[in-house]
Amino acid sequence: MRPTASLRRAACVAIVLLATSAATLTGCRSTPDEPVDEAEARYEPGQSKSDQLTIEEFRELIHKGALRPIEAMPEDATDFADPKPNQVPFDDTARALEEALRQKTDPKSPPATGPAPTAVASAAPPVPEPENPYLVFGKRIVVYDTRGLISKPFPLRVGLGIQLKKLLDQFGNFPLYDPASGPQKPDTVRIDLLEKWDQELFTDLRATTGQYEGTPQNVADWLVVTSGFEKLREVQDFINIFAAGVPQIEIEAKIVEVTISDSLDLGVKPIDATTPIFGFPDHTFLKSFTYTLPNQASSTASNSLLTLGGVTDGMAFNVALQALATYENVSIISRPKIAVREGGRAEIVNTLKLPNYNVNQINAAGQAQAALTYEEVGIKLFVVPRVVGTQTVALNIDIEASAQSGSSVSFVLQNGQAISNPIISRRAAKTVVYLAPGQAVILGGLITERLVDSENKIPILGSIPILGYLFKSTFKRKEQTNVLFFIRPRILQGSDLNREFGD
Numbered sequence: 004m005r006p007t008a009s010l011r012r013a014a015c016v017a018i019v020l021l022a023t024s025a026a027t028l029t030g031c032r033s034t035p036d037e038p039v040d041e042a043e044a045r046y047e048p049g050q051s052k053s054d055q056l057t058i059e060e061f062r063e064l065i066h067k068g069a070l071r072p073i074e075a076m077p078e079d080a081t082d083f084a085d086p087k088p089n090q091v092p093f094d095d096t097a098r099a100l101e102e103a104l105r106q107k108t109d110p111k112s113p114p115a116t117g118p119a120p121t122a123v124a125s126a127a128p129p130v131p132e133p134e135n136p137y138l139v140f141g142k143r144i145v146v147y148d149t150r151g152l153i154s155k156p157f158p159l160r161v162g163l164g165i166q167l168k169k170l171l172d173q174f175g176n177f178p179l180y181d182p183a184s185g186p187q188k189p190d191t192v193r194i195d196l197l198e199k200w201d202q203e204l205f206t207d208l209r210a211t212t213g214q215y216e217g218t219p220q221n222v223a224d225w226l227v228v229t230s231g232f233e234k235l236r237e238v239q240d241f242i243n244i245f246a247a248g249v250p251q252i253e254i255e256a257k258i259v260e261v262t263i264s265d266s267l268d269l270g271v272k273p274i275d276a277t278t279p280i281f282g283f284p285d286h287t288f289l290k291s292f293t294y295t296l297p298n299q300a301s302s303t304a305s306n307s308l309l310t311l312g313g314v315t316d317g318m319a320f321n322v323a324l325q326a327l328a329t330y331e332n333v334s335i336i337s338r339p340k341i342a343v344r345e346g347g348r349a350e351i352v353n354t355l356k357l358p359n360y361n362v363n364q365i366n367a368a369g370q371a372q373a374a375l376t377y378e379e380v381g382i383k384l385f386v387v388p389r390v391v392g393t394q395t396v397a398l399n400i401d402i403e404a405s406a407q408s409g410s411s412v413s414f415v416l417q418n419g420q421a422i423s424n425p426i427i428s429r430r431a432a433k434t435v436v437y438l439a440p441g442q443a444v445i446l447g448g449l450i451t452e453r454l455v456d457s458e459n460k461i462p463i464l465g466s467i468p469i470l471g472y473l474f475k476s477t478f479k480r481k482e483q484t485n486v487l488f489f490i491r492p493r494i495l496q497g498s499d500l501n502r503e504f505g506d
C-alpha cells in the first residue's frame, strides 16, 4: 500500500516541527476550514495537549530510531523509488508516528497489528554465488566436491615441465602439499610432473597400404596441479605469465629485387642461302666468297638493320647487317608476412630448383657416371626475434640471395653432346639489430654485376677499322642485380590475436 498525500504531508510537518518547536506539531492537524479525510481525522477537537507528543518525547523517539526523516519529494511525484540502504520507507515512518501518538493517548491499548516498524533499514551485503570451476579452468579438470579440491593438467613443451616446476617451487610462493601431513587441504598446492606424457604416432599418409605404424614422437610434458579453487586460480595465472604468455611477433618483410640489363648485338649474314656475300666475274681466281656471322638474336625477323648490295666491275656484293640493342629493367617485389613466438625461428623462402649433374667417376674408356641433383636459387630469409624489455625487439637475421650467373661444361658424352651445369652466385648477410616499435631495418648492398663481351670475326678482315664490322659479329651485355630487404617486426597484442580471419 502506497502512502497517501495526507500522510506525506503529516511526516513532512513532523520533521519541520523537530527543528522549530513542539507547539508546531499541531500544524499537522487539519483546521475546521480545511477538508478532512480519514487519515487526518485521528484526533478529536477536544483532545488536550497532554494527548499529543511533546518535543522531548518526539526527540526521544527519533533517538531510539523509531522515527527517521525521509528525503524531500517533488510535489508532482506520484510514486516513491526504492529506499536507499540506510533509509526507512515512508510507510514505516508514518506507521511509527501514528503508533506513538496512540500509545500516548491510551497506554493500555494493545499495539497495532501489522509488521513492526523498521528502525534502521540496513542493506546486508549480497552473498556472492560460487563460481563455476568449469568456466574458470575449462572442461579438462577433475572436481572433488567432498574435499574441495580441483585437479587440472597443463600441457607444456617437452623439456619445459621440469623447468616450470622448479620455477613454481622457488618463486611461486605457494603452500606446497606435504604427504606426511595427511590428506591434502584446499589451501595447499600439489604439483605432479609427467614428463613426455603426451606422444603422437606420425605416419606417412602416402605410404603403401598396410604401413600404418608410425614413429612415436614426444609431444608435450604434463604438469598436473591439484588445489582449492583460489589457489588453483593463482597457479594458473602464474603459468599463464611465465609459460603460456610468450609474446608473439609478426615479421613483415619486403624483398625488392631489381635487375637491369643492357645489350648490343651485331652480326653479318648473307641475304639468302643461294646468294654469296661476294661474287666475282668469270675467269677470275675467286668465283665467290661468303660467310655467316649472325648475331645471337638472328631468329628474330626484326633484327636486320639493312641490306647492302652492289656490282662493281663485275663483282657483286650482297650482305645483311644485323643490329639489335635491348634494355631491360625487371623489378620483383614480394611482401611475405609470418608470425612466430619469441625465440622461435621464422623462415621465408622463395626459390626455384635448377638441375645439376654431379660426376661420380670417370672410367678408363672416358665414360663418366653422373647423378642428377637440384640446386635451389632465389631468396632465403631466416629470423629469430627476441623481446628486450617491453617493446624493443632484437632480430637475429640471416639472409641469402642466389641466382644463376652462367653455365659450364662438366663432361661430354660419347656422341659428342656436352653436359653443362649452372654456375650459381650467392650473396649472404648476417646481423643482429635492435628495433623499437615502428622501426624497420634495411639490408642492401647485395649487388651483382655481370659483363659479357663476345666477338666472332674473320681474321685480319675483321680487324680493319670501320670496315671490319662487315666481317664480324659482336655481343655485349651488362647485367646488374640488386636485392634489398626491408624487415619490420611488431609485437602482437590481444586485439591482433582475436581479430577475424581476413582482416
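So the sequence shown is numbered by our numbering: it starts at 4 and just counts up by one.
Virtual Cβ for every residue (Gly too), placed ideally from N, Cα, C.
Residue i vs residue j beta-carbon contact at 7 Å
| i | j | result |
| --- | --- | --- |
| Pro189 | Gly231 | yes |
| Ser405 | Ile427 | yes |
| Asn359 | Glu379 | no |
| Ser522 | Ile258 | The first residue shown for the chain is 4 and the last is 506, placing residue 522 beyond what the model contains. |
| Ala326 | Leu269 | yes |
| Thr376 | Asn361 | yes |
| Ala431 | Glu403 | yes |
| Ile153 | Ile144 | yes |
| Pro279 | Thr262 | no |
| Tyr180 | Gln173 | no |
| Leu454 | Lys481 | yes |
Residues of its chain near residue i, where Cβ-Cβ distance is below 8 Å and the 5 sequence neighbours each way are ignored
| i | result |
| --- | --- |
| Arg344 | Val249, Pro250, Gln251, Ile252 |
| Asn221 | Val161, Lys199, Asp201, Gln202 |
| Ile467 | Phe474 |
| Glu134 | Phe232 |
| Ile461 | Tyr294, Leu296, Phe474, Lys475 |
Residue environment, residue i, which counts as buried when at least 16 other CB atoms sit within 10 Å
| i | result |
| --- | --- |
| Ala84 | No answer about Ala84 holds up, because its pLDDT of 45 lies below 50 and its placement is not dependable. |
| Ser157 | Strictly speaking, residue 157 in this sequence is Phe, with Ser absent from that position. Under this definition Phe157 is a buried residue. |
| Gln394 | exposed |
| Ile490 | buried |
| Lys155 | buried |
| Asp275 | exposed |
| Gly175 | buried |
| Phe205 | exposed |
| Lys272 | buried |
| Ala17 | A caution first: Ala17 carries a pLDDT of 47, below 50, which makes its placement in the model unreliable, though a value can still be read off. Flag for Ala17 reads buried. |
| Phe288 | exposed |
| Gln496 | exposed |
| Thr315 | exposed |
| Thr149 | exposed |
Residues of its chain near residue i, where Cβ-Cβ distance is below 7 Å and the 5 sequence neighbours each way are ignored
| i | result |
| --- | --- |
| Pro339 | Ala256, Ile351 |
| Asn3 | Lying before the first or after the last residue shown, residue 3 is absent from the chain, which here runs from 4 to 506. |
| Ala246 | Leu159, Leu163, Leu167 |
| Asp456 | Lys479 |
| Leu357 | Tyr377, Glu378, Val380, Gln407, Pro425 |
| Pro136 | Ile144, Val146, Ile153, Phe232 |
| Tyr437 | Val391, Thr395, Ala397 |
| Ser184 | none |
| Pro178 | Asp190, Thr191, Val192 |
| Gln299 | Asp268, Phe478 |
Cβ shell of residue i (< 6 Å), same chain only, five flanking positions each side left out
| i | result |
| --- | --- |
| Arg493 | Glu253 |
| Asn399 | Val387, Val435 |
| Asp471 | Contrary to the premise, residue 471 reads as Gly rather than Asp in this sequence. Once the five neighbours on either side are set aside, the close Cβ partners of Gly471 are Gly465. |
| Gly282 | Ser291, Ala319 |
| Leu487 | Val259, Gly447 |
| Asn332 | Ile263 |
| Phe241 | Gly175 |
| Leu197 | Trp225 |
| Ala349 | Ile254, Ile341, Val343, Val386 |
| Pro219 | Gln202, Leu204 |
| Phe140 | Lys155 |
Near the ligand COA: residue i beta-carbon under 6 Å from a heavy atom
| i | result |
| --- | --- |
| Ala342 | With respect to the ligand COA, the structure offers nothing, as it holds no ligand at all. |
Cβ separation of residue i and residue j, assumed to be a contact under 8 Å, to the nearest whole Å
| i | j | result |
| --- | --- | --- |
| Asp195 | Val227 | 4 Å |
| Asp285 | Tyr330 | So it is not a contact: roughly 48 Å between Cβ atoms. |
| Thr484 | Ile450 | 7 Å |
| Arg389 | Gly346 | 6 Å |
Where are the beta strand (DSSP E) runs, 3 residues long or more, that stay fully inside the segment 250-279, in chain order?
-> Secondary structure in the segment 250-279: the beta strand (DSSP E) runs of 3 residues or longer, each lying completely within the stretch, are 251-272 in chain order.
Mind listing, in chain order, the continuous beta strand (DSSP E) runs of no fewer than 3 residues lying wholly within the segment 181-233?
-> Counting only runs of 3 or more, we get 193-205, 218-230.
Any beta strand (DSSP E) of 3 or more consecutive residues that is wholly inside the segment 333-415 | Runs found: 340-344, 349-365, 371-391, 395-415.
Counting only runs of 3+ residues fully inside the segment 463-503, write out the beta strand (DSSP E) ranges in chain order.
-> Correct list: 475-494.
Could you tell me which uninterrupted alpha helix (DSSP H) segments, each at least 4 residues in length, are contained entirely in the segment 134-177, listed from first to last along the chain?
-> Counting only runs of 4 or more, we get 136-140, 163-174.
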